[in-house]
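Protein chains in written order, with the working numbering: chain C, 371 to 825; chain S, 371 to 825.
No residue lacks a Cβ here, since even glycine has one placed at the ideal position from N, Cα and C.
Accompanying notes for the structure given below.
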């Protein structure tokens with residue numbers, strides 16, 4: 371083991387160079403304009419994996435390709451999942467550099483790798499690949515049979531994922547799935563995800579007059595879609611921050627007292643978590659701690675809102691349309707399909723005369739996921755992580771949604787274990803995304819230790 | 371007179387060709403990207419006016435140039451005002467043709483000239499120039515001294531207008547100002563504006579977190595500027611459609627019963643006015659007629675609203691900022707400067723902890739204007755219009771804002787008379803703007819008749 375760790379330390383500069391190469395490919399999956407770059411990122415991974423002895427392929431899908439690679443031998447079969455696609459980069463003017471021209475930057479908290487995807491998820495998935503590389507270089511082979519399964523549609527709802535998993539079930543099914551797409555509860559505190567929130571995405575357009583109208587001619591008698599959509603959005607929450615959509619909380623359960631105690635002892639620094647982004651307090655649902663609001667309570671958030679004139683100067687218009695993008699984070703047994711009906715009813719019940727709404731039909735949902743933390747691998751990983759980080763590893767909740775964790779269970783009957791090395795200040799999905807060099811380095815070392823224990 | 375009218379009829383095809391030439395110049399004044407085209411439109415007008423005997427010049431300003439032209443002789447001095455700049459064209463995909471490739475189109479309501487600026491205000495200002503052209507061609511000279519004053523910043527708040535009027539007061543001051551930038555109360559009903567609403571423009575950005583946040587990490591505890599700006603916009607009006615900003619109605623007066631009777635008899639077709647744009651009812655302030663809501667009641671409208679992700683697909687972000695463009699229409703003695711303070715206070719009083727607001731400091735306001743309809747020219751114009759249109763001309767209110775009317779009074783001490791030939795379905799400020807060929811043709815004839823009577 372110590373040889374593998376030494377090899378990882380020695381090889382770190384080259385490992386960072388490799389990651390830079392992957393980060394330079396603008397593999398934004400949600401916008402069709404970047405389709406070719408997604409394929410390019412897949413090909414880059416295939417070439418790198420083949421170079422260290424995996425049998426890797428880029429497999430076509432109706433959307434972006436899946437990378438599937440097989441290596442090692444034996445009864446024991448472990449699958450690793452990550453995604454090579456990234457979020458859009460706008461607003462571009464808030465970046466301190468070209469998002470796809472990554473670089474090492476020194477910060478008060480140490481050196482970081484700056485660039486879109488550095489943390490989510492290219493940097494994280496490379497921690498596992500680099501661990502495999504070192505293992506093979508030192509031992510000549512992998513500790514067990516390992517399959518890598520790298521997706522290119524995670525940031526755009528994974529439309530091809532379930533069909534691909536079903537078609538390739540025999541090849542992908544293994545003893546357990548390892549996923550590296552999560553963060554540490556606090557810097558330096560190794561964390562294993564015990565539960566994840568689900569997600570419901572929806573989008574609507576509120577239509578008013580047939581055409582954009584002059585606010586001098588129709589301002590007064592005219593219905594203004596921007597005012598109407600604002601009223602509807604304002605109606606989504608009550609004054610306590612609780613979602614006001616009827617039946618929204620069906621299937622939501624309170625956090626057991628024991629788990630709440632574990633979370634409170636997990637080292638989560640609420641003040642730092644809030645202050646680092648400019649908040650002096652938690653703005654969520656009254657009666658719940660910041661951690662519960664983030665990990666165990668559902669949300670209804672507006673992610674995009676637009677209509678009318680946005681250019682320089684002024685335009686005296688009542689626009690014909692207003693648009694709104696919504697995501698809900700789901701917990702417990704909330705059913706995304708049922709919730710979509712309730713959400714849409716809430717909006718449609720509030721439409722005034724002469725307004726109508728149309729819904730985007732291409733947006734998906736996924737339920738919350740609770741991990742099977744009683745499996746031996748969780749305790750083995752906890753020990754390995756505690757050794758690497760000289761700090762007791764913790765099993766925490768996660769506010770994000772990683773539908774794949776649930777799909778491994780529902781589609782392939784496999785449990786999943788999510789371990790990630792990101793930090794809350796990585797600005798994933800935001801301008802100036804970064805990944806700490808420490809996360810990358812100790813992340814690689816952590817996977818090597820975990821493989822050693824669970825192989 | 372009959373010779374002049376015959377000449378106008380005979381010359382109509384050439385007059386339309388000339389208008390097309392002006393419409394092909396994309397003189398959008400609010401967006402700096404089109405600055406050169408605004409200058410080009412001014413030069414086009416200078417060349418055309420010089421060709422018929424005016425002494426015309428394009429005069430530089432800190433913004434877009436002013437066109438000033440002098441013609442004719444005598445004691446009697448009339449000034450004509452129009453503007454050669456146009457509104458932006460977005461949303462471009464809703465146009466049935468290139469906005470700056472104008473054409474004659476046949477419609478159920480007769481032939482129209484389709485293109486940005488066809489009605490507002492290039493088509494309207496050319497009705498007066500064509501009337502002058504015919505008059506000169508028939509009589510060898512103009513009926514009196516005429517000064518044309520054509521602005522290029524009307525659609526962007528006229529920043530250079532007042533300084534220019536002050537610097538050139540001696541040259542511009544005349545007996546009365548004629549303005550052609552208004553519409554007819556109903557198709558075929560010649561209309562003179564008795565009053566116009568004023569305007570207050572403002573724009574703010576609501577700032578929340580320091581950076582865009584991941585809705586998985588911060589959805590729940592995080593303050594979302596899109597939700598907060600929606601709450602603020604929803605708070606601008608009460609359930610009866612009345613503006614809820616404290617003190618908003620200071621200086622607003624009820625319409626005298628006699629004037630209300632005149633308006634109701636003016637031929638305004640409420641059902642057609644509403645149905646033509648897709649409304650089945652009037653959505654304005656309860657307790658007021660559609661005409662009052664449009665002509666005599668103040669408004670607070672949202673003209674632009676945006677924040678977060680607007681691209682294809684979805685982005686799970688809590689954005690750092692949300693933006694809002696506002697215009698208020700003012701009536702009676704409402705003071706734009708005082709109202710701006712009240713409007714901003716309303717917003718700032720509703721900001722939650724951890725949110726702040728910044729205001730655009732470059733947006734102007736102008737009070738409402740009431741015309742001096744007792745002047746002889748109003749009766750002379752009423753008779754001339756009634757003769758041309760075979761329908762009693764009416765003195766009406768106008769929902770739009772034409773600050774110049776007030777400025778002629780406050781800066782130069784002149785009364786103004788606003789007569790226009792646009793129709794409510796001209797879609798000015800909207801996709802597929804048009805000007806009826808009948809408006810253009812009878813508009814030219816109307817000005818010839820009016821000049822004959824008031825010269």
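Residue i versus residue j - alpha carbon distance
{"i": "residue 433(S)", "j": "residue 409(S)", "result": "10 Å"}
{"i": "residue 798(C)", "j": "residue 400(C)", "result": "15 Å"}
{"i": "residue 481(C)", "j": "residue 684(S)", "result": "31 Å"}
{"i": "residue 731(S)", "j": "residue 711(S)", "result": "12 Å"}
{"i": "residue 588(C)", "j": "residue 664(S)", "result": "7 Å"}
{"i": "residue 393(S)", "j": "residue 573(C)", "result": "38 Å"}
{"i": "residue 335(S)", "j": "residue 458(S)", "result": "Here chain S covers residues 371 to 825 and nothing more, so residue 335(S) does not appear."}
{"i": "residue 547(C)", "j": "residue 758(C)", "result": "21 Å"}
{"i": "residue 581(C)", "j": "residue 800(S)", "result": "7 Å"}
{"i": "residue 673(S)", "j": "residue 461(S)", "result": "13 Å"}
{"i": "residue 668(S)", "j": "residue 622(S)", "result": "8 Å"}
{"i": "residue 598(C)", "j": "residue 696(C)", "result": "16 Å"}
{"i": "residue 583(S)", "j": "residue 688(C)", "result": "31 Å"}
{"i": "residue 577(C)", "j": "residue 750(C)", "result": "56 Å"}
Contacts around residue i, its chain only, beta-carbon distance under 6 Å, and the 5 residues preceding and following it disregarded
{"i": "residue 670(C)", "result": "606, 613, 698"}
{"i": "residue 382(S)", "result": "811"}
{"i": "residue 378(C)", "result": "504, 814, 815"}
{"i": "residue 443(C)", "result": "515"}
{"i": "residue 557(S)", "result": "793"}
{"i": "residue 426(S)", "result": "416, 419, 420, 439"}
{"i": "residue 754(S)", "result": "819, 820, 823"}
{"i": "residue 575(C)", "result": "691, 693, 728"}
Burial state of residue i, where buried means 16 or more other Cβ atoms lie within 10 Å
{"i": "residue 713(S)", "result": "buried"}
{"i": "residue 331(S)", "result": "An answer regarding residue 331(S) cannot be provided, because it is not within the stretch 371 to 825 covered by chain S."}
{"i": "residue 516(S)", "result": "buried"}
{"i": "residue 474(C)", "result": "exposed"}
{"i": "residue 372(S)", "result": "exposed"}
{"i": "residue 585(S)", "result": "buried"}
{"i": "residue 609(S)", "result": "exposed"}
{"i": "residue 420(C)", "result": "exposed"}
{"i": "residue 540(S)", "result": "exposed"}
{"i": "residue 744(S)", "result": "exposed"}
{"i": "residue 719(C)", "result": "exposed"}
{"i": "residue 551(C)", "result": "buried"}
{"i": "residue 693(C)", "result": "buried"}
{"i": "residue 477(C)", "result": "exposed"}
{"i": "residue 376(C)", "result": "exposed"}
Contacting residues, own chain, Cβ-Cβ under 7 Å from residue i (five flanking each side not counted)
{"i": "residue 736(S)", "result": "568, 569, 706, 771, 773, 776"}
{"i": "residue 761(S)", "result": "558, 559, 560"}
{"i": "residue 752(C)", "result": "562, 763"}
{"i": "residue 542(C)", "result": "449, 517, 519, 535, 782"}
Own chain partners of residue i with C-beta closer than 8 Å, once the 5 adjacent residues on each side are dropped
{"i": "residue 611(C)", "result": "653, 654, 655, 656"}
{"i": "residue 465(S)", "result": "459, 801, 802"}
Quiz item: Closer than 8 Å, Cβ to any Cβ of chain C: which residues of the region 670 to 686 of chain S, in chain order?
Solution: Result list: 671, 672, 673, 674, 675, 676, 677, 678, 679, 680, 681, 682, 683, 684, 685, 686.
Quiz item: Can we say the region 721 to 733 of chain C touches the region 580 to 600 of chain C, given the rule of at least three CB pairs closer than 8 Å?
Solution: The region 721 to 733 of chain C and the region 580 to 600 of chain C touch, with no fewer than 3 CB-CB distances between them shorter than 8 Å.
Quiz item: What residues in the region 429 to 452 of chain C bring their beta carbon closer than 8 Å to a beta carbon of chain S?
Solution: Against chain S - using a Cβ distance shorter than 8 Å - the region 429 to 452 of chain C contributes no residues.
Exercise. Answer yes if the region 523 to 542 of chain C comes into contact with the region 383 to 401 of chain S, meaning at least three C-beta pairs across the two stretches below 8 Å, and no otherwise.
Key: The region 383 to 401 of chain S is not in contact with the region 523 to 542 of chain C.
Quiz prompt | Contact between the region 561 to 573 of chain S and the region 761 to 773 of chain S (3+ Cβ pairs under 8 Å) | solution = In the pairwise beta carbon analysis, the region 561 to 573 of chain S is classified as touching the region 761 to 773 of chain S: at least three pairs are separated by under 8 Å.
Practice problem: Check each residue of the region 553 to 585 of chain C: if its Cβ is closer than 8 Å to any Cβ of chain S, include it; give the result in chain order. | Solution: Flagged, chain order: 553, 567, 569, 571, 573, 578, 579, 580, 581, 582, 583, 584, 585.
Quiz prompt | Inter-stretch contact (C-beta, 8 Å, three-pair minimum) for the region 407 to 426 of chain C and the region 448 to 455 of chain C | solution = Contact between the region 407 to 426 of chain C and the region 448 to 455 of chain C is present: 3 or more CB-CB pairs across the two stretches fall below 8 Å.
Self-check item: Near-chain C residues of the region 641 to 656 of chain S (beta-carbon distance less than 9 Å), N- to C-terminal order
Solution: Taking a C-beta cut-off of 9 Å against chain C, the contacting residues of the region 641 to 656 of chain S are 643, 644, 646, 647, 648, 649, 650, 651, 652, 653, 654, 655, listed in chain order.
Quiz item: Can we say the region 629 to 649 of chain S touches the region 527 to 541 of chain S, given the rule of at least three CB pairs closer than 8 Å?
Solution: As far as the Cβ criterion goes, the region 629 to 649 of chain S does not touch the region 527 to 541 of chain S, which means the pair count is below three.
Quiz item: Which residues, in chain order, does the region 723 to 748 of chain S contribute to contact with chain C at a C-beta distance below 8 Å?
Solution: Shown in chain order are the members of the region 723 to 748 of chain S whose Cβ falls below 8 Å from a Cβ of chain C: 723, 724, 733.
Quiz item: Between the region 635 to 643 of chain C and the region 638 to 654 of chain S, do three or more beta carbon pairs fall short of 8 Å?
Solution: Counting C-beta pairs closer than 8 Å gives fewer than three between the region 635 to 643 of chain C and the region 638 to 654 of chain S, which falls short of the contact rule.
Practice problem: Could you please tell me which residues of the region 771 to 790 of chain C, in chain order, have their CB closer than 8 Å to any CB of chain S? | Solution: Per Cβ criterion, the list reads 771.
Exercise. Below 9 Å between beta carbons is the criterion; list the residues of the region 520 to 531 of chain S that meet it against any residue of chain C, in chain order.
Key: Within the region 520 to 531 of chain S, the residues whose Cβ lies closer than 9 Å to some Cβ of chain C are 525, 526, 527, listed in chain order.
Self-check item: Residues in the region 616 to 641 of chain S having any Cβ partner in chain C nearer than 8 Å
Solution: Residues passing the 8 Å Cβ filter: none.
Quiz item: Which of the residues in the region 401 to 418 of chain C, read from start to end, lie with their CB under 8 Å from any CB of chain S?
Solution: The region 401 to 418 of chain C vs chain S, Cβ under 8 Å: 401, 402.
Quiz item: the region 796 to 808 of chain S: which residues have C-beta closer than 8 Å to a C-beta of chain C, in chain order?
Solution: If the cut-off is 8 Å between Cβ atoms, the region 796 to 808 of chain S has 797, 798, 799, 800, 801, 802 near chain C.
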